[in-house]
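Participant: Protein chains in written order, with the numbering used here: chain A, 12 to 111; chain B, 50 to 209; chain C, 1013 to 1645.
I'd like to ask some things about the structure below.
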Amino acid sequence: MVPLSSYIMLSLILFSIGVFGILTTRNMIRILMGVEILLNSANLNFIAFSRYMGDITGNVFVLFTIIIAAAEAAVGLAIVMMIYRNYLTLNVGKIKEMRW
Amino acid sequence: MKDLIMFLILSVIAVVSSLFVFLSKNIFRGALSLSLLLVTMAMFFAMLNAEFIAAVQILVYAGGVLVLILFAIMLTKEREPSVSEVTTSRAVALIAFVVLSLFYLAKHTWEKYVPEKEFSATGASVGTKLFQTYVIPFEAASFLLLAAMIGAIYLARRRG
Amino acid sequence: MSALEYAWLIPTFPAVAFVLITLFGSRWGERSGIVAVLFTALSFILSVFVIIEVLSGKELTYENGITWISKESVGFAEEIFKFGLLIDKLAAVMLFVVAFGSLIIMIYSLGYMHGDETVHRYYAEMSLFISSMLLLVISRNILLLFIAWELVGLCSYLLIGYWYKYSTAASAAKKAIIVTRVADIGFMLGLVLLYNWLHTLDIVEIFERAPKELTEEQITIVSLLLFIGAMGKSSQVPLHVWLPDAMEGPTTVSALIHAVTMVKAGVYMVARMYPLYVLSDTAMLVVAYIGAITAFMAASMGLVRIDIKRIVAYSTMSHLGFIALALGSGSIAAGMYHLINHSMFKALLFLATGSVLHAVHARSIDIRKLGGLWKKMPITAITALVAIVSLSGLPPFGGFWSKDEILAAIKASAMHEPAYIYLYYLTMVTAFLSVAYLFRWYFIVFLGKPKSKEAEHAHESPAIMTVPLIVLAACSFIVPTVKLFGYDEVVSDWVGEYAPYHLPHLTEDEHEKIAVISAIIAVISFLTVFAVYYLKVVSSETIVRTFKPIHTLVNNKYYFDHAYNYFAERIVYVFSLLLDVLERLYDKYIVDGIAKVTLMFGDVIKKLQTGKIQDYVTLIFLGLSVLLIILSI
């Protein structure tokens, strides 16, 4: 049987990749995809702990995470469409009106 | 032993596909790579006896979220190539996070958690838990979805 | 089915009217008056059922409560606040009087306020006024009573300042609310002390427990503090200054304030808490003295005023003094009896005054400009005469009987406590004056020849205004008969349930003697006024010249306003100048200093807001790193 620490490790790697992607890319849609990766790596942790601790609650929480991820994707992509319509770009570097 | 091999193969696929999401030149390929990652995650869930969540993962992510992302990609045109920009502070933040997480993981012992043999998160057991203990959060979540739906429609609507 | 179970609807109906008119009034315009009248009528009908049920004696009190704050709901409150209704005979009769008076005044308003631009605001505020007064009458908890009390105060402010475009009206409204607010501090202190000592604000519980658990000094303090509140509301000296100025509102508002709501709230509260008052001789004596002094001062001031409405206002003040005097002399029956009488006559007199003002198209007018209205406005003149004869206490009208009761009560109290005997003589003088100023008013306004163009062109008011006048005049003949139903014994018995209370009692002989003396005084006074203002034996100027110093004193309203102004302009102003310097320093160094420091920090921190998502993500992960360090240690 695979030890629990390997799942945690994999989850950390995926999470770091997601953070790395969000920090480096300029494309708004890619940033949203990065957020999905973050959520999935967290879900992996939940499921792994649920299995290794024998508690079903972890599964239920993942269900909630998925619901929130779906809502986030819907609203986030709507915002992306909105921005694209107004600025004709997806480059977050170019949209900087919300600054001091 | 079989488990370990399976885990290694899936891990490699997951890491590579998640990297490809950001490194691909074409964003469409990135999205496809994301779908590969999501399916791999579903496999992990299945390996961990979470059958119901695995099914939901495929349905909602691969069926719903990914379709949304593909639609968004098709409706927009990426004019400029996505150039990576790395500043010192960002690199420091990422590296500090990774190092400190590793440090934190190393401090704790995880060996005491041993998987139970009979554990199985079927639709029935998850559903029982969901509708007995977590009814109110469940209703709140359904309300959240409704709000998100209305919000998305409102935002994406073309205004005359 | 019992009407008492639905008694809570009585204050609710006008409140509903208030909400409806507030929401839709601007669309309804003048029609909102009909809505207000309908809902007031519903309250009146229900109050008729309630009074029938209560007076039939089947069910003496109906007590029901909503627990507002309980031990369970807050966890830390030791005691429970229970809001409920208390409808015994005292409350039921008052309820009936208030609902009836309000209904008549509302109907009359339909005619009087016709053509006013913002008339829906008037009806909304009047509805709220009536609703809060009805709630005040039937509340069982003093805190609820106080809430209604404050609502009454608010509505009086709104309505006195109804014509706020006139600066006099706006400042009269301010004066009313400020003076009553000063008085309410006393009321609130009384509430706080009462709660502190008894841990309850439930009226019935207070009555049951106060005699056993409080010392006489404590009861004296509480009842006097509560009476300070009543002094403000019922315009007793020295907190009376707002009442004459309150005449700046529409005459119907004055009628409502004087006949049934605002000023009656104060004396009603004293009557409601009467089982507490009778436990303290000192408190009773103070109430009686203040009442008598108020009655005398107001009557004398009424004699020299020239404004048509202010004279009537001073008459109200004088009669409120009588009511307080009756209560202080130990006769709640006489006090309530006079209160009911006064409600009817004063509503009648004010509505008649309103009819005159309507005819001459004025907000208020100098009486010397009027005259000869007897022929031009016969209905108004006759109904006003009924009101005046009753009010001034000429036999055999209601006012005479209630005045007689009050005098008897004073005389009886004097047998136990000699200090009351001075009040007896003072009240005799006041009785003389009260006949005089009212008939002076009547002779100048209605008899003689018209002395201005407006008075010449006056004409009778429309039926919507005269019919209420006739109804009220008819009631003035019926009201005295409430004595026959044994109302006074019932009210006294109620007090006797809780406190050692004996109605002051005189022998038949003495009682008759008092009645004869007061009748003689009234007739002499009437003849004097008749001689001066009708036969013109002596001109009023000659009298003024003869008593120059007294006239100056009275004409300047005993210098109360001067004293208050002096206090405000000299003492308070100098003190506030001092505070002003302090505040400026505080402003400059502390308030501005904090603002400057905040701005400096803001200038530094705002640089973080780069507008780039990745920078924010970076910050999040730096923060997460700090968290991890804390977790790892």
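Ideal placement from N, C-alpha and C gives every residue a C-beta, glycine not left out.
Quick check on N51(A): does DSSP put it in helix, strand or coil?
Facilitator: Taking the first residue of the first sequence as 1, we reach residue 51(A) at position 40. Reduced to three states, the DSSP call for N51(A) is helix.
Participant: Does L194(B) have its Cβ less than 7 Å from a Cβ in chain C?
Facilitator: Looking up residue 194(B) in the second sequence gives position 145. It does not: the Cβ of L194(B) has no partner Cβ on chain C nearer than 7 Å.
Participant: Between E1595(C) and the rest of its own chain, which residues show a CB-CB distance below 7 Å, the 5 nearest in sequence each way excluded?
Facilitator: One-based indexing of the third sequence puts residue 1595(C) at position 583. For E1595(C), where only same-chain residues beyond five positions count, there are no Cβ hits under 7 Å.
Participant: Ends of the alpha helix (DSSP H) at Y18(A)?
Facilitator: Taking the first sequence and counting its residues from 1, the one referred to as residue 18(A) is at position 7. From DSSP, the alpha helix (DSSP H) with Y18(A) extends over 15-35.
Participant: With a Cβ-Cβ cutoff of 7 Å, do F1010(C) and S1537(C) count as a contact?
Facilitator: Since the displayed chain C opens at 1013 and closes at 1645, residue 1010(C) lies outside it and no answer follows.
Participant: Cβ of A1399(C) within 7 Å of Cβ of F1458(C)?
Facilitator: Locating residue 1399(C) in the third sequence gives position 387, where the first residue counts as 1. Locating residue 1458(C) in the third sequence gives position 446, where the first residue counts as 1. Not a contact, by the Cβ cut-off of 7 Å.
Participant: By how many angstroms is the C-alpha of L101(A) removed from the C-alpha of G1037(C)?
Facilitator: As a first step, residue 1037(C) must be located in the third sequence, where it is residue number 25. As a first step, residue 101(A) must be located in the first sequence, where it is residue number 90. So the alpha carbons of these two residues sit roughly 53 Å apart.
Participant: Under 7 Å, do T1264(C) and I1490(C) count as touching if we go by C-beta distance?
Facilitator: For the purposes of this step, residue 1264(C) is taken as the residue at position 252 of the third sequence. For the purposes of this step, residue 1490(C) is taken as the residue at position 478 of the third sequence. The answer is no: Cβ separation not under 7 Å.
Participant: Can a CB atom of chain A be found closer than 7 Å to the CB of Y153(B)?
Facilitator: Position 104 of the second sequence, counted from the first residue, corresponds to residue 153(B). So, not an interface residue.
Participant: Among the residues of its own chain, which have a CB less than 7 Å from the CB of L59(B), if the five just before and after it don't count?
Facilitator: Residue 59(B) sits at position 10 when you count from the first residue of the second sequence. Closer than 7 Å at the Cβ level, and outside the excluded window around L59(B), lie T89, M92, F93.
Participant: Would you list the one or two residues that DSSP bridges to D1214(C)?
Facilitator: Translated into positions along the third sequence, residue 1214(C) becomes position 202. BP columns for D1214(C) point to N1153(C).
Participant: Quick one: Cα of A1242(C) to Cα of A1277(C), how far?
Facilitator: As a first step, residue 1242(C) must be located in the third sequence, where it is residue number 230. As a first step, residue 1277(C) must be located in the third sequence, where it is residue number 265. The alpha-carbon atoms of A1242(C) and A1277(C) are separated by roughly 8 Å.
Participant: My parser needs the alpha helix (DSSP H) runs of 4 or more residues fully inside the segment 81-160 of chain B; what are they?
Facilitator: Correct list: 100-105, 115-124, 137-156.
Participant: Which value, in whole angstroms, describes the spacing of the CA atoms of T137(B) and D1615(C)?
Facilitator: The residue labelled residue 137(B) in the question sits at position 88 within the second sequence. The residue labelled residue 1615(C) in the question sits at position 603 within the third sequence. In a straight line, the C-alpha of T137(B) is about 24 Å away from that of D1615(C).
Participant: Would you mind working out which of M1296(C), I1318(C), K1321(C), I1526(C) sits nearest L1337(C), comparing C-alpha positions?
Facilitator: Looking up residue 1337(C) in the third sequence gives position 325. That would be M1296(C), whose Cα lies nearest to the Cα of L1337(C).
Participant: Tell me whether F1095(C) sits in a helix, a strand or coil according to DSSP, three-state version.
Facilitator: Your numbering for residue 1095(C) matches position 83 in the third sequence. In the structure shown, F1095(C) sits in a strand (DSSP, three-state: E or B).
Participant: Going by DSSP in three states, D1604(C) sits in which element: helix, strand or coil?
Facilitator: Translated into positions along the third sequence, residue 1604(C) becomes position 592. Looking at D1604(C) - three-state DSSP - the assignment turns out to be helix.
Participant: Quick one: which residues of the segment 1604-1634 of chain C get their C-beta closer than 7 Å to a C-beta of chain B? List them in chain order.
Facilitator: Within the segment 1604-1634 of chain C, the qualifying residues are Q1626, T1630, F1633, L1634.
Participant: Can you check whether the C-beta of N97(A) is within less than 7 Å of a C-beta belonging to chain B?
Facilitator: For this step, residue 97(A) is matched to residue 86 along the first sequence. For N97(A), the answer is no, since every Cβ of chain B falls outside 7 Å of its Cβ.
Participant: R110(A) CB to nearest chain B CB: under 7 Å?
Facilitator: Mapped onto the first sequence, residue 110(A) falls at position 99. So, not an interface residue.
Participant: Could you give the C-beta distance for G32(A) and F180(B), rounded to a whole number, given that I count them as a contact under 8 Å?
Facilitator: As a first step, residue 32(A) must be located in the first sequence, where it is residue number 21. As a first step, residue 180(B) must be located in the second sequence, where it is residue number 131. Actually they are not in contact, since the Cβ atoms of G32(A) and F180(B) sit about 37 Å apart, beyond 8 Å.
Participant: Start and end of the alpha helix (DSSP H) containing A1485(C)?
Facilitator: Within the third sequence, the letter at position 473 stands for residue 1485(C). Unbroken alpha helix (DSSP H) run through A1485(C): 1475-1490.
Participant: So within the segment 1556-1643 of chain C, which uninterrupted alpha helix (DSSP H) runs reach at least 4 residues, ignoring any that extend past its ends?
Facilitator: Counting only runs of 4 or more, we get 1560-1567, 1572-1578, 1585-1598, 1604-1617.
Participant: Does D1378(C) come out as helix, strand or coil in the three-state DSSP assignment?
Facilitator: Counting from 1 along the third sequence, the entry for residue 1378(C) is found at position 366. Reduced to three states, the DSSP call for D1378(C) is strand.
Participant: The segment 134-146 of chain B: which residues have C-beta closer than 7 Å to a C-beta of chain C, in chain order?
Facilitator: Here the close residues are S138, R139, A142, L143, A145, F146.
Participant: Hey, how far is the Cα of L1115(C) from the Cα of V184(B)?
Facilitator: Indexing the third sequence from 1 puts residue 1115(C) at position 103. Indexing the second sequence from 1 puts residue 184(B) at position 135. Rounded to whole angstroms, L1115(C) to V184(B) spans 55 Å at the Cα level.
Participant: To the nearest angstrom, how far is the alpha carbon of I1302(C) from that of M1200(C)?
Facilitator: Numbered from its first residue, the third sequence carries residue 1302(C) at position 290. Numbered from its first residue, the third sequence carries residue 1200(C) at position 188. Roughly 20 Å between the two C-alpha positions.
Participant: Indicate the three-state DSSP secondary structure (helix, strand or coil) for D1319(C) in the structure shown.
Facilitator: Here residue 1319(C) refers to the residue found at position 307 of the third sequence. It is a strand residue.
Participant: Take the Cβ of R37(A) as the centre, count every other Cβ of all protein chains shown within 10 Å, and call the residue buried at 16 or more, exposed below.
Facilitator: For the purposes of this step, residue 37(A) is taken as the residue at position 26 of the first sequence. Label assigned to R37(A): buried.
Participant: Run through DSSP, which three-state label would N38(A) get?
Facilitator: The count along the first sequence starts at 1 and reaches residue 38(A) at position 27. Three-state DSSP puts N38(A) in a strand.
Participant: Using DSSP with H/G/I as helix, E/B as strand and the rest coil, what is A1089(C)?
Facilitator: On the third sequence, position 77 is the one that residue 1089(C) refers to. Note on A1089(C): pLDDT 49, under 50, position unreliable in the model; the coordinate value appears next. The answer is coil: DSSP assigns A1089(C) none of H, G, I, E or B.
Participant: Quick one: grab the DSSP three-state call for N56(A).
Facilitator: Locating residue 56(A) in the first sequence gives position 45, where the first residue counts as 1. Three-state DSSP puts N56(A) in a helix.
Participant: Shorter than 7 Å from the beta carbon of K156(B) to some beta carbon of chain C?
Facilitator: As a first step, residue 156(B) must be located in the second sequence, where it is residue number 107. Yes, its Cβ sits closer than 7 Å to a Cβ of chain C.
Participant: Ends of the alpha helix (DSSP H) at F180(B)?
Facilitator: As a position in the second sequence, residue 180(B) is number 131, starting the count at 1. Its alpha helix (DSSP H) spans residues 172-181.
Participant: When the cut-off is 7 Å and only beta carbons count, does G172(B) lie next to chain A?
Facilitator: Counting from 1 along the second sequence, the entry for residue 172(B) is found at position 123. Taking Cβ atoms only, chain A never reaches closer than 7 Å to G172(B), which makes this a no.
Participant: Quick one: Cα of L1058(C) to Cα of L1268(C), how far?
Facilitator: Against the third sequence, residue 1058(C) aligns to sequence position 46. Against the third sequence, residue 1268(C) aligns to sequence position 256. Going from the Cα of L1058(C) to the Cα of L1268(C) covers about 20 Å.
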